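Structure record follows, encoded as structure tokens.
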Amino acid sequence: MQMSVSSDICKLIASNEYLSKQNIKAIHIGNAAVVESIGRSIDQQTDQLAAKLDAGFDRLSFDINEVRQSVDRLATVCDTGFSQISYQLDRLDKGISEIIALIKSPEQNWAYEQYEIAQNCCDRGFYSDALAYVDRAISGDGNHYGHKFEYRFHFLRGLIRLGNARNFDRRIVDPAIAVKDFEASARYAEGVDQKGHGLGLQMAGWASYCAGNALEAENFLQKSLRVAQNDMETNYLMAKVQLFLGSKESAEKYFKRAIHGDLMLGLRAGADPDFLDHKDLVESWIQDYRNILIAGCRQHYAGVDLASMRSKWPILVKYAIESSGSKIETLEAKIGQVPSAPLSSLLELKSDIKPLVAACVDSIAAGKRNLQAKAASLEASHVRRTKEKGTNTLFGFGGGFLVAVLTFLISMVLFWPEIYSEGPFFGTILFVFGLLVAGFFAIIAALVSTPIIAIISAAFHELSHNQKEYAHRSKVMGERQEVIADLAKL
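In the numbering used here, the protein residues as written are 1275 to 1764.
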């Protein structure tokens, strides 16, 4: 399926990425015809299409086999002349098989079976057969009475009479008769299904427009909007009718409401001759919406100094508060896209920028808290003092013991010549005396040397600790000054 859309309008509405997500491929061409256009008659459409050949269009392509569901939706967006039966019925049906299962009347059950067959005929392109079966569902056949009060039956018959891109047999298609069917559908749906009531009125308005009665179309669409004011399709059709009637201000109101709710309707306008007759005006309406979204995006980053934020980011990475600069780079890229972005991108940017700005601001605030805590920690940092009191005492006793041993040995060495020169008896007595004297001197030496050695040990440890503390504080203060300098930059 293909549809040609005004390049200028397409660029204002949607990016290629957005179209790709919708299973649409855009191909820019210099000259193209707008296909499947709405018109009051086939001849009138042909004249309008010829006048648009050099306007500059993008051709949108849809792969029917791969994205069947998307095509049904997109066909109604692209379809500016005939309604897609499958899509319109999807908006209305609740599941005919379920309804049939609940019906206890054989006559009504037979009518719903005829309706189901008519639907199947439509899906297969057998529109004359579909019309015959839906007629039977409504009016009966032979011994069957039908069920004229089921609004879905009238709605389907209206769609068949209205026609579509595959159903254009003049013996079947008659928009004026379709109006009556849609009007009957709306009447029978009232009080039963408000959605069906509003849709019946919408389609009655559309069929009236296709039949060439714009005033009647306006009347039906106004009634439909009273039922469902925010139905985007109805607002779009009302904008179209108002343009045709020359009421540009009223058309603007409805068109803006439509594209605010569904951007794809903007693409549809880019392929619709009635809107393309006022292309500059339509583009200005779309631009107004763009300006609103741009202002909304800018409001999210108003007061944000990107350059300042960018200069702070290396500090966050340096202290492992952020792993990389991807967050700020993403924010910069998105803000840079705002001025030239189409509507589809602006809607995404508006929702993305606000939390991204908040995340960047939070990261910088977290960085400040982190650096303040780090600076305070460095200020209070000291070299851990060892348990020196017991160590000094033990070292003093150890030193005193060694002095005592040395004193004892020296005393014994001094006594040894005297001991050796005496005989065994006096030598033994002198040896014992020497031991006592040497022991006495050793005790005196230990008592004197132990506190002295302990004091010397304490002084040595204090000097060593002070040297370590000085080196540590020098290093820490350097780090702290660096942290304070980085904190000041944040």
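We treat Cβ as the ideally placed atom computed from N, Cα and C, and that holds for glycine.
Please read all numbers here as calculations on a predicted model, not as lab measurements.
**Cβ-based burial, Lys1749 [other Cβ within 10 Å; buried from 16]** = Here residue 1749 corresponds to residue number 475 of the sequence shown, with the count starting at 1. Lys1749 should be labelled exposed.
**Asked** Quick one: is Leu1293 buried, meaning 16 or more other Cβ sit within 10 Å of its Cβ, or exposed?
**Response** On the sequence shown, position 19 is the one that residue 1293 refers to. Buried is the call here.
**Asked** Just checking my contact of Ile1595 with Cys1634 at CB under 8 Å: how many whole Å lie between their CB atoms?
**Response** Along the sequence shown, one-based indexing puts residue 1595 at 321. Along the sequence shown, one-based indexing puts residue 1634 at 360. Incorrect: roughly 12 Å between the Cβ atoms, too far for contact.
**Item:** Rounded straight-line distance, which links the Cα of Asp1579 to that of Asn1487
**Value:** On the sequence shown, position 213 is the one that residue 1487 refers to. On the sequence shown, position 305 is the one that residue 1579 refers to. If I take the Cα positions, the gap works out to 57 Å.
**Message:** For His1552, list the residues DSSP reports as bridge partners.
**Reply:** Sequence index remark: in the sequence shown, residue 1552 carries index 278 (1-based). DSSP output for His1552 lists no bridge partner at all.
**Asked** According to DSSP, is Ser1289 helix, strand or coil?
**Response** By 1-based counting over the sequence shown, the position of residue 1289 is 15. Reduced to three states, the DSSP call for Ser1289 is coil.
**Asked** Which word fits Glu1557, buried or exposed, when buried means at least 16 other C-beta atoms lie within 10 angstroms of its C-beta?
**Response** Counting from 1 along the sequence shown, the entry for residue 1557 is found at position 283. Around the beta carbon of Glu1557, a 10 Å sphere encloses 16 or more other beta carbons of the protein chains shown; the residue is thus reported as buried.
**Prompt:** Is the beta carbon of Ser1459 less than 7 Å from the beta carbon of His1421?
**Reply:** Locating residue 1459 in the sequence shown gives position 185, where the first residue counts as 1. Locating residue 1421 in the sequence shown gives position 147, where the first residue counts as 1. Contact: no.
**Spatial distance of Ser1413 from Ile1446 (CA atoms)** = Here residue 1413 corresponds to residue number 139 of the sequence shown, with the count starting at 1. Here residue 1446 corresponds to residue number 172 of the sequence shown, with the count starting at 1. If you draw a straight line from the Cα of Ser1413 to the Cα of Ile1446, it is about 18 Å long.
**Message:** Strictly by DSSP, which residues pair up with Asp1626?
**Reply:** On the sequence shown, residue 1626 is found 352 positions in, with the first residue counted as 1. Paired residue(s): none; Asp1626 is not in a bridge.
**Request:** Would you mind working out which of Leu1709, Asp1467, Ser1738, Phe1675 sits nearest Ile1726, comparing C-alpha positions?
**Result:** For the purposes of this step, residue 1726 is taken as residue 452 along the sequence shown, with counting starting at 1. Looking at Leu1709, Asp1467, Ser1738, Phe1675, the one whose alpha-carbon comes closest to that of Ile1726 is Phe1675.
**Asked** Which partner residues of His1418 appear in the DSSP bridge assignment?
**Response** Position 144 of the sequence shown, counted from the start, is the residue given in the question as residue 1418. In DSSP, His1418 forms a bridge with Asp1415.
**Asked** How many angstroms separate the CA atom of Gly1535 from the CA atom of Ile1589?
**Response** Here residue 1535 refers to the residue found at position 261 of the sequence shown. Here residue 1589 refers to the residue found at position 315 of the sequence shown. One C-alpha to the other measures close to 44 Å.
**Request:** Note the first and the last residue of the continuous alpha helix (DSSP H) segment covering Arg1461.
**Result:** The residue you call residue 1461 lines up with position 187 of the sequence shown. Note, Arg1461: alpha helix (DSSP H), 1449-1463.
**Request:** Evaluate Asn1509 with the Cβ neighbour count: other Cβ atoms within 10 Å of its Cβ, from every protein chain shown; 16 or more gives buried, anything less gives exposed.
**Result:** The residue given as residue 1509 occupies position 235 in the sequence shown. For Asn1509, the number of other beta carbons within 10 angstroms of its own is at least 16, and it is reported as buried.
**Prompt:** Helix, strand or coil: which one does DSSP assign to Ser1344?
**Reply:** For this step, residue 1344 is matched to residue 70 along the sequence shown. Because Ser1344 carries a pLDDT of 37, less than 50, the predicted location of this residue cannot be relied on, and no value is offered for it.
**Asked** Which first and last residues belong to the alpha helix (DSSP H) in which Ser1482 is found?
**Response** One-based indexing of the sequence shown puts residue 1482 at position 208. Here the alpha helix (DSSP H) through Ser1482 covers 1468-1484.
**Rounded straight-line distance, which links the Cα of Leu1761 to that of Ala1543** = Translated into positions along the sequence shown, residue 1543 becomes position 269. Translated into positions along the sequence shown, residue 1761 becomes position 487. Using only the alpha carbons, I get a separation of about 55 Å.
**Request:** Measuring only between beta-carbons, confirm whether Ala1745 sits less than 7 Å from chain B.
**Result:** This model lacks chain B altogether, as it is built from one protein chain only.
**Asked** So which of Arg1564, Val1515, Asn1290 has the shortest CA-CA distance to Asp1551?
**Response** As a working mapping, residue 1551 is identified with position 277 in the sequence shown. Asp1551 has its Cα closest to that of Val1515, out of Arg1564, Val1515, Asn1290.
**Request:** Sort Leu1499, Ala1759, Arg1426, Leu1436 by Cα distance to Ala1463 and report the nearest one.
**Result:** Your numbering for residue 1463 matches position 189 in the sequence shown. Looking at the Cα atoms, Arg1426 is the closest of the given residues.
**7 Å Cβ cutoff met for Tyr1401 and Ile1391** = The count along the sequence shown starts at 1 and reaches residue 1401 at position 127. The count along the sequence shown starts at 1 and reaches residue 1391 at position 117. The Cβ-Cβ distance between Tyr1401 and Ile1391 does not fall below 7 Å.
**Candidates Ser1379, Ser1582, Glu1424, Arg1440: closest to Arg1398 by CA position** = Counting from 1 along the sequence shown, the entry for residue 1398 is found at position 124. Per the Cα distances, Arg1440.
**Prompt:** Are Leu1764 and Lys1642 touching if we call contact CB-CB under 7 Å?
**Reply:** Stepping through the sequence shown from its first residue, residue 1764 is reached at position 490. Stepping through the sequence shown from its first residue, residue 1642 is reached at position 368. Against a cut-off of 7 Å, the Cβ pair of Lys1642 and Leu1764 comes out as a contact.
**Request:** Starting from the C-beta of Val1466, find all residues in its chain whose C-beta is less than 8 Å away, skip the five residues before and the five after it, and write them out in chain order.
**Result:** Here the question's residue 1466 lines up with position 192 in the sequence shown. Within the same chain, Val1466 has close Cβ partners Tyr1425.
**Message:** I'd like the list of long-range same chain contacts for Leu1519, defined as Cβ closer than 6 Å, with 5 residues on each side in sequence excluded.
**Reply:** For this step, residue 1519 is matched to residue 245 along the sequence shown. Once the five neighbours on either side are set aside, the close Cβ partners of Leu1519 are Ala1488.
**Item:** Closest Cα partner of Ala1650 within the set Lys1497, Glu1753, Ser1731
**Value:** For the purposes of this step, residue 1650 is taken as residue 376 along the sequence shown, with counting starting at 1. For the residues Lys1497, Glu1753, Ser1731, the minimum Cα distance to Ala1650 belongs to Glu1753.
**Request:** Helix, strand or coil for Gly1399, going by three-state DSSP, please let me know.
**Result:** Sequence index remark: in the sequence shown, residue 1399 carries index 125 (1-based). Gly1399 falls in the coil class under three-state DSSP.
**Message:** Using a Cβ-Cβ cutoff of less than 6 Å, which residues in the same chain neighbour Asn1504 once the five nearest sequence positions on both sides are dropped?
**Reply:** Indexing the sequence shown from 1 puts residue 1504 at position 230. Closer than 6 Å at the Cβ level, and outside the excluded window around Asn1504, lies no residue.
**Prompt:** Do you know offhand how far Ser1379's Cα is from Leu1499's?
**Reply:** Within the sequence shown, residue 1379 is the residue found at index 105, counting from 1. Within the sequence shown, residue 1499 is the residue found at index 225, counting from 1. The straight-line gap from Cα to Cα measures roughly 35 Å.
**Prompt:** Excluding the five sequence neighbours on either side, which residues of its own chain have a C-beta within less than 6 Å of the C-beta of Leu1620, listed in chain order?
**Reply:** Your numbering for residue 1620 matches position 346 in the sequence shown. Once the five neighbours on either side are set aside, the close Cβ partners of Leu1620 are Leu1567.
**Prompt:** If you count every other CB in all the chains shown that lies within 10 Å of the CB of Thr1724, and 16 or more means buried, which is it?
**Reply:** For the purposes of this step, residue 1724 is taken as the residue at position 450 of the sequence shown. Its Cβ being crowded by 16 or more others within 10 Å, Thr1724 is buried.
**Asked** Got a sec, what are the start and stop residues for the alpha helix (DSSP H) Leu1517 sits in?
**Response** Counted from its first residue, the sequence shown places residue 1517 at position 243. It spans 1506-1519 - the alpha helix (DSSP H) in which Leu1517 sits, taken as one unbroken run.
**Asked** Between Leu1436 and Ala1404, is the Cβ-Cβ spacing less than 7 Å?
**Response** Here residue 1436 refers to the residue found at position 162 when the sequence shown is read from its first residue. Here residue 1404 refers to the residue found at position 130 when the sequence shown is read from its first residue. No; because the gap between Cβ atoms is not below 7 Å, this pair is not in contact.
**Request:** Taking all protein chains shown into account, decide if Lys1497 is buried (16 or more other Cβ within 10 angstroms of its Cβ) or exposed.
**Result:** Mapped onto the sequence shown, residue 1497 falls at position 223. Around the Cβ of Lys1497, a 10 Å sphere holds 16 or more other Cβ atoms; the residue is buried.
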